[in-house]
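The structure appears right after this line, and notes come after that.
There are 6 protein chains.
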Amino acid sequence: MTRADGRQAHDLREIKIERGFTIHAEGSVLVSFGNTKVLCNASFTPGVPRFKKDSGEGWVTAEYSMLPRATHDRSEREAVKGKIGGRTHEISRLIGRSLRAVIDVKQLGENTIVLDCDVLQADGGTRTAAITGAFVALADAVAWAKKNGYIAKSAKPLIDTVSAVSVGIIDGVAMTDLAYVEDVRADTDMNVVVTGRGLFVEVQGTAEAEPFDRDELNRLLELALQANLELSKMQREALGEDLDLR
Amino acid sequence: MTRADGRQAHDLREIKIERGFTIHAEGSVLVSFGNTKVLCNASFTPGVPRFKKDSGEGWVTAEYSMLPRATHDRSEREAVKGKIGGRTHEISRLIGRSLRAVIDVKQLGENTIVLDCDVLQADGGTRTAAITGAFVALADAVAWAKKNGYIAKSAKPLIDTVSAVSVGIIDGVAMTDLAYVEDVRADTDMNVVVTGRGLFVEVQGTAEAEPFDRDELNRLLELALQANLELSKMQREALGEDLDLR
Amino acid sequence: MTRADGRQAHDLREIKIERGFTIHAEGSVLVSFGNTKVLCNASFTPGVPRFKKDSGEGWVTAEYSMLPRATHDRSEREAVKGKIGGRTHEISRLIGRSLRAVIDVKQLGENTIVLDCDVLQADGGTRTAAITGAFVALADAVAWAKKNGYIAKSAKPLIDTVSAVSVGIIDGVAMTDLAYVEDVRADTDMNVVVTGRGLFVEVQGTAEAEPFDRDELNRLLELALQANLELSKMQREALGEDLDLR
Amino acid sequence: MTRADGRQAHDLREIKIERGFTIHAEGSVLVSFGNTKVLCNASFTPGVPRFKKDSGEGWVTAEYSMLPRATHDRSEREAVKGKIGGRTHEISRLIGRSLRAVIDVKQLGENTIVLDCDVLQADGGTRTAAITGAFVALADAVAWAKKNGYIAKSAKPLIDTVSAVSVGIIDGVAMTDLAYVEDVRADTDMNVVVTGRGLFVEVQGTAEAEPFDRDELNRLLELALQANLELSKMQREALGEDLDLR
Amino acid sequence: MTRADGRQAHDLREIKIERGFTIHAEGSVLVSFGNTKVLCNASFTPGVPRFKKDSGEGWVTAEYSMLPRATHDRSEREAVKGKIGGRTHEISRLIGRSLRAVIDVKQLGENTIVLDCDVLQADGGTRTAAITGAFVALADAVAWAKKNGYIAKSAKPLIDTVSAVSVGIIDGVAMTDLAYVEDVRADTDMNVVVTGRGLFVEVQGTAEAEPFDRDELNRLLELALQANLELSKMQREALGEDLDLR
Amino acid sequence: MTRADGRQAHDLREIKIERGFTIHAEGSVLVSFGNTKVLCNASFTPGVPRFKKDSGEGWVTAEYSMLPRATHDRSEREAVKGKIGGRTHEISRLIGRSLRAVIDVKQLGENTIVLDCDVLQADGGTRTAAITGAFVALADAVAWAKKNGYIAKSAKPLIDTVSAVSVGIIDGVAMTDLAYVEDVRADTDMNVVVTGRGLFVEVQGTAEAEPFDRDELNRLLELALQANLELSKMQREALGEDLDLR
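These protein sequence lines are chains A, B, C, D, E and F, in that order. Our numbering numbers the first residue of the first sequence as 353 and each following residue consecutively. Our numbering numbers the first residue of the second sequence as 353 and each following residue consecutively. Our numbering numbers the first residue of the third sequence as 353 and each following residue consecutively. Our numbering numbers the first residue of the fourth sequence as 353 and each following residue consecutively. Our numbering numbers the first residue of the fifth sequence as 353 and each following residue consecutively. Our numbering numbers the first residue of the sixth sequence as 353 and each following residue consecutively.
Set out below in structure tokens:
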């Protein structure tokens, strides 16, 4: 069985990782998972928020947002509504946790890196693209900080790569990296965040239509591990020698 | 190895499900998982929100909140801050999704049930206690609606029971239903929502300290399934003949 | 003339004062005036807000709120609306002023006690129950602070007890402690806050339907003084030896 | 004993009621209680808010605010803070209730009158000046509505006049209409809203420093009734033939 | 051609500048451009906002607002809406920039002057009246600060006067100081802020109906310069010897 | 005299107009003025806001925003702050007015077009780039609406092109299209919005450091007219046959 866009069940969409997309940010990556395009900007600033003061540790956090017309229909700006919605909060927190899983905050020193993940165009899987792109921007910001003397040359804050993919079951078939039209049809939808070494950072599975059993869960995890290995490879290729893992 | 409170790794804390805790709500349950106490009130109202109008389907949603002094230190009220935090949003959405997984909205007709889950006292696992208690309040509200003629006597909106438990790995040992002191020490923390028939509704695993591997994930899922079977049994006992599953 | 619930005009409803209702707060009281149930948690913290810094004086304040389904119909959460309503503000301020009338802030030292009064179930008189219960929680928090060395053993911050009751005129008859069904029928509604020594702290009378004359006012004040003496007695009984008045 | 400004204990400050202060509002009154100056604009609009639809009754409500520099020190605008404070809410509600006590909403028909009371200059007693001035603006708006055919010529929505005064106890002496320097020194502070016939609409007494006894309360009420009779007389003089009471 | 109110095209409305309108502010001016009346209060406070700390320079800023019934129809309060509208923001910023153009912040020292411009009655040209009145209030506040020793007697923070006027094209004729009925008919509307020496501070021209050409622009600028010279003269007369320009 | 980037005083930076930048919007343009890059998405929806209902006329409006790291230092998201700043409001309104000056809303019919202008990268002149790009996106949305039958084939809603440029005086020299480093040094800064026929839509000049005289104003207007003619030519080239002016 092939999919609408000709992919096999286990295929990722075309993945592009474009570094240096904007000029001001210490790390700036435009990541594409097919038609899903997310701009991930990493901002490095010396110093940490109050709850981390004098801890000797740094802080990494993330903010996710969609441009109003990233989607098929225009959605109102959260700034205009005056409050951030639950989905936005949830995804921002997920991205932050995922990146913190591969950062050694002691090695980072008392510095802060904020990852802004703004979806320019959405076609399913925006949070997984954001995590995957944000890691590359984070690596660039760490490299920038070393080069500019904010972090010791010998420090190695990055423990591993981290990436994410969505997997789901459609008509009984487990599939990788769902596009929007697939996502709305899926019975089960799972976002899986995995390190370059193949360890789980987050597993978030949701029964959209029907609860799922242990076997289905296993097939989804299998696909997710495999796809994340590919994503990790692409991240390494994109960063080349600029990636300095512990 | 036993735990601080004398439990075995696979033991739930003492679970209490007290129906009819307040007088106004159509379903009102005080659920306790040890020292964690959550008041779950179900409010039934005829009619549905605009996005469900004329769909012939009902709507079930949930709002979670903590009293300011439910926790060891007082936290500021979200109403005073003027906005709802990301954690609150995330949990409210999780409870709503979990309940909708076992409700046939067509059988519910164009009626709305809102579950208010207010944590009176917190000691870890507030979201899993909330889901477990909210299901019982939901069942009471459905029964009330049948008795009062809002839903046909023959309708069976409830597909199955649903409950939730947290599981985690502490010092390499997988454990069930973490109390707060355990939660803060856990390397991995997973909330698992399961139906009475043993199917997964939500699997949310997070690596707090160290990423986890497939084997650890399997052990956690095993514990979670076993504990949820026990919780489902307690829900059935608490509801007795008032539970009318499809 | 007897009332719907069999009471005489000057009778209070059944009053219950349950100390130690939750485990974390320094004072935690569930107070019941009939079906009205308010959870009053007192949080003690060393230090004072900025406007009291270096004054040598402490601070006592209160926040009142209703759970969404404390009432017959569900009301929207103020946190969801993003702002606190006028009624909530008004009652929070009233509770704070009432308690400050019996606290010697110099004896309290530069410490803060916040009283959270959350209505679990409402049936009229929630603000008067809140004041009455909050005083007991406050006394417990003061005792806790002495025991734990935050306040000198010899200090006596509590000047007197304080309690409150609603009184009103229904069909020309002055009545004590109105239940909700009585409250909506009352021509005049008055909340009276009184110290254990029988002095007024607050008198808030409102003509709901018809303006009232001096004579009616006098009869209401009479009932209120009498009821508050009873409430003060119950507070003393509930606290027993733990009450340490100046 | 005379006061700082030469008044006797029972004297009001100089009261001025200037009608037609601005040109757009249906009723526009600048009221002065000494240096306290409040602009009271009444806006008449056909139609009522949703909760009054098809009731055959009208609605009267009020909004109180202070200009940032009405006071000795500048206070931040509530619009800039993004939320209305408790004190503002409390006073707005008080003004609205006071006016509704002398309006027959059936005679008003399904029309709304909003009273905007903006304090241009504050020197104590802003809420009592606001009520006193707002009544005159209300009467002008009712007269306007009759003249312009929105209310039947024969209708008599105004039942009575209503005015308000603050009274307080300073160094044991009960005094009328406290200026700011007196207000901060008062042990007890009471705002009393009274109709032209001498009936109470609101009695709000607060022990600022020391709780007060029945005798003090009586003396304050005496002063308040006497002062309100004077204020009612001034309102009648200001309105002359334009006042059309039932 | 004469206008509805009998003015010639180049005539200002009747301008009044009333100093000392309220008692608390360091500068308090009620300015009238015909029926447009704006209360401009200047608040002087030692110290500067954080972004000016240790700069040796002072800060001047402004906040503009309309009373709800300043206009023909009542508009909702921005404090009630919980946010400030775009028009309010825009005008507040314009007033601030205009005043800062004639203040030497070094001479002001590390002090702040806030100008509150509250429109009591609107009939077109509220922002230009506000700028014109605010300058006079600013001059009074500077004089107050010198007299009270907050600024050295020898300092001369005021560089020049500043005033503003609206000009517009109606039916092909360029006109000065548009009243509201003229404003809504104008094809082009321009607000021009000019110093006493006849230099431009702000030129804001907007094509309301039809884009305008270079010639029309020139005629409007001509009228605006002429009117501002008159306004500057009135400001000097109003301030008399209290104006101390560099 | 040449500039830092080698331009002559009257030169625009390199201008790029890239249509079809995203796939969902009816018009989607990435416009670049040198390093300033703004994504302008036009969203067409049938129907109009309430204040335009049954007017037979359409509505065009705009929202401007900056990504947090569009600038050299990261700025906090307005959605996180919960309110939109004055600058954002001001620019959104300017873009909306500029576009409405060249749209015949009657020809548009009761349809709405919203222009979202999100700055991806800022280097001075973001508002002028936004207006210039938004016009092209607007033209694309109008063409889309004709093609899809929402507007009659014969209708010609577009009256003319519209573009904008910033001009300023630096060290006495008038210059076109200021980059950020120039903008901060400019004594006078002017944004000028001009139609394809060379008529003014908006003229907004601000004295940043020194007030300016009539001669300087004239030189700035000259440069602005010339630059806008070039921009209009580029807009026409970018749109080619898809531009259908009246």
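Even glycine gets a Cβ: it sits at the ideal position worked out from N, Cα and C. Since the structure is predicted, the reported quantities are computational estimates derived from the model, not experimental observations.
Beta-carbon contacts of residue i that lie in its chain and below 7 Å, excluding the five residues immediately before and after
i: VAL519 (chain E); result: ALA526, MET527, THR528, MET542, VAL544, LEU572, LEU575 and ALA576
i: THR423 (chain C); result: ALA474
i: ALA590 (chain E); result: ILE369, ARG371 and VAL488
i: SER515 (chain C); result: ILE483, THR484, PHE487, VAL546, ASN580, LEU583, SER584 and GLN587
Nearest to residue i (by Cα), restricted to the options the options
i: LEU581 (chain B); options: B:LEU364, B:SER384, B:ALA504 and B:ARG452; result: B:LEU364
i: GLU378 (chain F); options: F:LEU467, F:ILE511 and F:LEU595; result: F:LEU467
i: LEU569 (chain D); options: D:ILE503, D:ALA590 and D:GLY524; result: D:GLY524
i: GLY410 (chain C); options: C:LYS585, C:ALA497 and C:LEU597; result: C:ALA497
i: GLU554 (chain D); options: C:GLU462, C:VAL400 and C:ARG566; result: C:ARG566
i: ALA481 (chain D); options: D:GLY592, D:CYS392, D:PHE373 and D:ARG588; result: D:CYS392
i: LYS405 (chain C); options: C:PHE552, C:ILE511, C:THR484 and C:THR464; result: C:THR464
i: ASP539 (chain D); options: D:PRO563, D:VAL533, D:SER384 and D:TYR532; result: D:PRO563
Limits of the unbroken alpha helix (DSSP H) element including residue i
i: GLY448 (chain E); result: 438-452
i: GLU415 (chain B); result: Run containing GLU415 (chain B): none in the alpha helix (DSSP H); it sits in the beta strand (DSSP E), 411-418.
i: PHE487 (chain E); result: 478-499
i: LYS368 (chain B); result: Segment 367-371 is the beta strand (DSSP E) holding LYS368 (chain B); no alpha helix (DSSP H) there.
i: ALA431 (chain B); result: 430-433
i: VAL533 (chain B); result: 532-535
i: LYS458 (chain D); result: 457-460
6 Å CB neighbourhood of residue i in its chain, flanking five on each side removed
i: ASP535 (chain B); result: GLY476
i: VAL457 (chain B); result: GLU409 and GLY410
i: ILE436 (chain C); result: GLU430
i: THR413 (chain D); result: GLY448 and VAL466
i: SER417 (chain E); result: ASP470
CA-to-CA distance, residue j to residue i, given in whole angstroms
i: ALA431 (chain F); j: VAL432 (chain A); result: 7 Å
i: LYS508 (chain D); j: PHE487 (chain D); result: 15 Å
i: ASP470 (chain B); j: ARG402 (chain A); result: 29 Å
i: LEU595 (chain A); j: ILE455 (chain A); result: 13 Å
i: GLY386 (chain F); j: ALA356 (chain F); result: 13 Å
i: ALA453 (chain D); j: ARG429 (chain D); result: 31 Å
i: ARG359 (chain A); j: VAL517 (chain A); result: 15 Å
i: THR354 (chain B); j: ALA559 (chain B); result: 23 Å
i: ALA491 (chain A); j: GLY557 (chain A); result: 28 Å
i: TYR502 (chain E); j: VAL400 (chain E); result: 13 Å
i: GLY434 (chain D); j: LYS505 (chain F); result: 47 Å
Residue i, enclosing beta strand (DSSP E) - first and last residue
i: GLN473 (chain B); result: 463-473
i: GLN556 (chain D); result: 552-559
i: GLU378 (chain B); result: Note, GLU378 (chain B): premise wrong, no beta strand (DSSP E); not H, not E.
i: LYS389 (chain F); result: 388-398
i: SER584 (chain D); result: Where SER584 (chain D) is concerned, there is no enclosing beta strand (DSSP E), although the alpha helix (DSSP H) it sits in stretches over 566-591.
i: ASP541 (chain D); result: 540-547
i: THR423 (chain E); result: From DSSP, THR423 (chain E) is part of no beta strand (DSSP E); its letter is neither H nor E.
Beta-carbon contacts of residue i that lie in its chain and below 8 Å, excluding the five residues immediately before and after
i: ALA361 (chain F); result: MET353, ARG355, VAL525, ALA526, MET527, THR528 and LEU575
- Any contact of the segment 383-403 of chain D with the segment 442-459 of chain E, i.e. 3+ C-beta pairs under 8 Å? Proximity of the segment 383-403 of chain D to the segment 442-459 of chain E falls short of the contact definition, fewer than three beta-carbon pairs being nearer than 8 Å.
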